[in-house]
Structures are given as C-alpha cells and as structure tokens.
Amino acid sequence: MIDPCSQESNPLLSIDAALAKIKAAVHPVAGSEKVVLKNALGRVLTESVLSPINIPHDRNAAMDGYAFSSKDINPEQPFTLGLVGTSWAGRPFNGRLQSGQCIRIFTGAALPSQADSVIMQEHVRTDGQTICFPANTAARQNVREIGEDIKQGSELCAHPKKLNAIDLGLLASAGIYELSVKRPVKIAILSTGDELTSLGQPLASGKIYDSNRYILSGLLTDASYSVTDMGVIADNKQLLQDSFIKAAKNHDVIITTGGASVGEADYIKEILELCGEVNFWKIAIKPGKPLAFGKIGSCYFFGLPGNPVAVIVTFQHIVASALKQLSGAPDSKPLQLTATCTSTLKKAPGRQEYQRGILTQDDNGKFFVASSGRQGPHILSSISRANCYIVLPTECKGVQAGDKVSVELIAGSTL
Ligand code: AMP
Ligand code: MG
729 MIDPCSQESN PLLSIDAALA KIKAAVHPVA GSEKVVLKNA LGRVLTESVL
779 SPINIPHDRN AAMDGYAFSS KDINPEQPFT LGLVGTSWAG RPFNGRLQSG
829 QCIRIFTGAA LPSQADSVIM QEHVRTDGQT ICFPANTAAR QNVREIGEDI
879 KQGSELCAHP KKLNAIDLGL LASAGIYELS VKRPVKIAIL STGDELTSLG
929 QPLASGKIYD SNRYILSGLL TDASYSVTDM GVIADNKQLL QDSFIKAAKN
979 HDVIITTGGA SVGEADYIKE ILELCGEVNF WKIAIKPGKP LAFGKIGSCY
1029 FFGLPGNPVA VIVTFQHIVA SALKQLSGAP DSKPLQLTAT CTSTLKKAPG
1079 RQEYQRGILT QDDNGKFFVA SSGRQGPHIL SSISRANCYI VLPTECKGVQ
1129 AGDKVSVELI AGSTL
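Okay, structure coming up:
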C-alpha cells in the first residue's frame, strides 16, 4: 500500500495484512486448569460441556393453576374435577391422581405422572373441593416438558467459548460445578520514556504523567489475562533490553508503549531485532503507524506507539485480536454500522483511519455521527467523549457533512 504523501521507503502493511500475519504467528497457550463455576466468568473452555441431566428435570407447571389429565377433558363442555392435593415448587404432590381428580399447582412445581395439562387459576371456578373447568379447555397447555430446554447428553457450551454470565447460568442449571479452562495468558506491560512521571509525583517542566499503563491495565482487565505491570522504563537501551529479556522468560506477551517510532530515543524496534525477531513494524492505520510485532524467545512482543489515542486504537484493532487468539477464544469482529456524518472530516489517502465520533440514533432508527473533536493522537479528551470510531478506508480523501460513513462502537461504549 503506497501513501503518496509519505516519505516511507517501505510500503506500509494494511491492517488486514497485519492481522493475517498475527493469525499465522500466534498459537493459543497450551495449559489448562480446573476452576469452580463461580470463578469461570471470562475464562475459555478447553472442551465442550454436555448436560448430565434433562432440563427441565421434571415435567412442571408454567403457571399457577390446576394440574389434570387431558383424558378428563369433556370436549366443548364445562366439566368438574375433584381437588385432591397440592404440588408446590420443591414439594411435589406425592399421591396418584385418579380419573376425575385434579390438584392445585404452582409455577415450577412437578406434575404427577398422571397429569399432562395445567389450567391457569384465573380460568376456573372453585368451591375449595371441586374445580369447574370452562368449555374448550385445552389439553397439554402450560406445561414444561422434560428436556424441552436441554436434552441429557446434549451440548450446553461448545469449545472454544469464552464464558459469560449467561453461560454460567446455563451451566449451573445443569449442575456443572467445575470446568476445564485455558490458563490465563501472562502479559507484561511497561511504559517507556524519560519524560514519564508516575502518579503522586509533582510534574516537573518537560515531563508528563504516564497515562498509557492505566489505559492498558483497564483494557486488559479480563479473567483470561494475568497482567504484570512493570512500570516505567527510561529511554535506555541496556535497561530496556534487560527488562524485555527478563519479562520474556515468564510471560506469553510483552506490551510496551512509546519508543516504537524513528526518533533518536526510539529503541524498541532495534532491541527487538537484537534480542528477538521483528515480524512487522509499520502499519497503514491512523493513529498508530509505528507498531512493532515480533517475538523474544517464545514470548510475543507488541511495541505500541507512545501517543495514548494511538495506544487505544492499536490495542483494540490489533493487539486485542492476538490476545484473544492466545487465550484460545474465538476471534470476533466489531459490529460496523452505516451512519450519516454530520461533520466535515479531513483525511489524506494512504492509511485506514479510526477517527473518534459520537454516534446517535434518531426516533426513526437512523444513525448519525459527529466528530468528537480534535483528532490528534495525543488528544485523550476527544476519545474520552467519543462512543465510536468513524472508520475511513485507506483510499478515502475526506468526508463532507451528509456523507455516509462506517462506524463501530468503541468497546464498552453505548449510544
Ligand atoms: P514516542 O513514541 O516515545 O516518541 O512517544 C510519542 C508521544 O507519546 C510523545 O509525545 C510521548 O511523550 C507520548 N507518550 C509516550 N508514552 C506515554 C505514556 N506512557 N503516557 C502518555 N503519553 C506518552
Ligand atoms: Mg519516547
């Protein structure tokens, strides 16, 4: 891909090509471990889980009412049955229902095997001893059949699945209390830069606070990831190299920010070449062009840009998919919508841009997006205001107000 305005000697890699290279290079972590169900949220299954039981386990009532046998229905005529007991949820009726009899039943309570139908309590009349059913009472209504949700032996959750709260509910309903899941991916994060000041320290002239580690820690909060925060490391080749080699020994991934470009104090790519291997370095996205991907020993390495907005964009569009793959979870693509852009957007051809926008939906269901403000890769305030990326393809030369654009919600944002 050639950017006509760029001074690059090598063409930049498209985002799709970069993702394909990652897909080919990254393999899921091998280890697995057993966890109890309540600790399985966000973990990735290593094997499909089958249901040991039928759900529902018993034929039970879907309504509060009266349970009876459809053999006792008098077609098209009202009829009366004798009331002989009650089935409560958790306390079933233990007797045998004879012809001409019915029982009081509550939602979730088991039906006696002789009953196959439930009538809603609102539809009958009773004197406390007999129940008068209306004409045209339907057979087999308001009953939850054995196994109608899940059949014994059928699949509850298919491997590989990253378990969410709903999955936990489903697994719990089948009595599953322990699961085999992938071990968490071990990730080391660090910030590089002589200018970085830790929180709690006064800010000297020429210094800035380190925001990137807070961004990365937040974005990496996931039960499938175990994160080591290695802090800030100065722009010192030896220090950086020593830290990378040390971290590579007991992590699956190292993610750095800063120093990935071509400045005098940008050492990341050089060090990666020295103590590992570089798979790719620059990609055709904006923000986030300098992004070094490679390996040190068996540890994957992502050298992200320094500017915080570029960190967020490259993490969400490139690193996240690699981590998902490492964790064994299936890959997923963000949902893209078409919206009418209400702002004019500047853009030069050559790189796919992720401009930050505010997406809204009108009463007719139509989507509109406006720029969230200044678009520099250092402008955190405008991405903080935004709820979406406006995705402008490589060849796009800018957008006029009224043009249609593709947008995707920023993970965790809502309309
Ligand atoms: P670099 O790629 O190291 O030249 O950094 C590019 C820009 O990002 C510079 O303005 C840095 O000061 C800034 N930057 C680098 N690291 C961080 C960080 N951890 N937090 C906030 N800004 C940073
Ligand atoms: Mg720097």
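According to my numbering, the stretch in the sequence shown is residues 729 to 1143, in order.
Glycine is no exception: its CB is placed at the ideal position from the N, C-alpha and C atoms.
If you're wondering where the values come from, they're calculated on a predicted model, not measured in any experiment.
Secondary structure of residue i, DSSP reduced to three states
i       : result
Gln1089 : strand
Lys1017 : coil
Ser1100 : coil
Tyr995  : coil
Ile801  : coil
Phe821  : coil
Ile943  : helix
Cys1027 : strand
Lys890  : strand
Asp731  : No answer about Asp731 holds up, because its pLDDT of 46 lies below 50 and its placement is not dependable.
Gln1053 : helix
Gly897  : helix
Ser815  : strand
Gln1044 : helix
Ala843  : coil
Ala1129 : coil
Ser760  : strand
Asp786  : coil
Leu765  : helix
Ile961  : strand
Leu747  : helix
Val1037 : helix
Ile874  : coil
Ile1107 : coil
Ser1112 : helix
Glu923  : coil
Ile904  : coil
For residue i: DSSP bridge partner residues
i       : result
Gln1080 : Ile1013
Leu773  : Val909
Gly793  : Ile833 and Met848
Gly1022 : Val1006 and Phe1029
Cys885  : Val777
Thr854  : Ile859
Lys914  : Ser954
Ala838  : Asn788
Glu1136 : Gln1064 and Tyr1117
Any non-hydrogen atom of the ligand AMP closer than 7 Å to residue i Cβ
i       : result
Leu924  : yes
Asp938  : yes
Gly991  : yes
Ser954  : no
Asp1102 : One point to set straight first is that residue 1102 is Arg, not Asp, in the sequence displayed. Every heavy atom of the ligand AMP is 7 Å or more from the Cβ of Arg1102, so no.
Arg941  : yes
Gly921  : yes
Ser1015 : Looking at the sequence shown, residue 1015 is not Ser but Pro. No, the ligand AMP has no heavy atom inside 7 Å of this Cβ.
Gly1093 : no
His887  : no
Asp994  : yes
Residue i Cβ short of 7 Å to the ligand MG heavy atom set
i       : result
Gly903  : no
Gly934  : no
Gly986  : yes
Thr1042 : no
Asp963  : yes
Gly959  : no
Gly897  : no
Gly1034 : yes
Cβ pair residue i, residue j closer than 8 Å
i       : j       : result
Leu968  : Tyr995  : yes
Leu1137 : Leu1087 : yes
Ile915  : Tyr942  : no
Ser1099 : Leu1063 : no
Val852  : Val871  : no
Arg787  : Ala867  : no
Lys766  : Gln1053 : no
Gly810  : Gln857  : yes
Gly921  : Gly1034 : yes
Thr1042 : Arg1079 : no
Val955  : Ser919  : no
Ala863  : Thr835  : no
Ile999  : Lys1023 : no
Gly1085 : Ile1118 : yes
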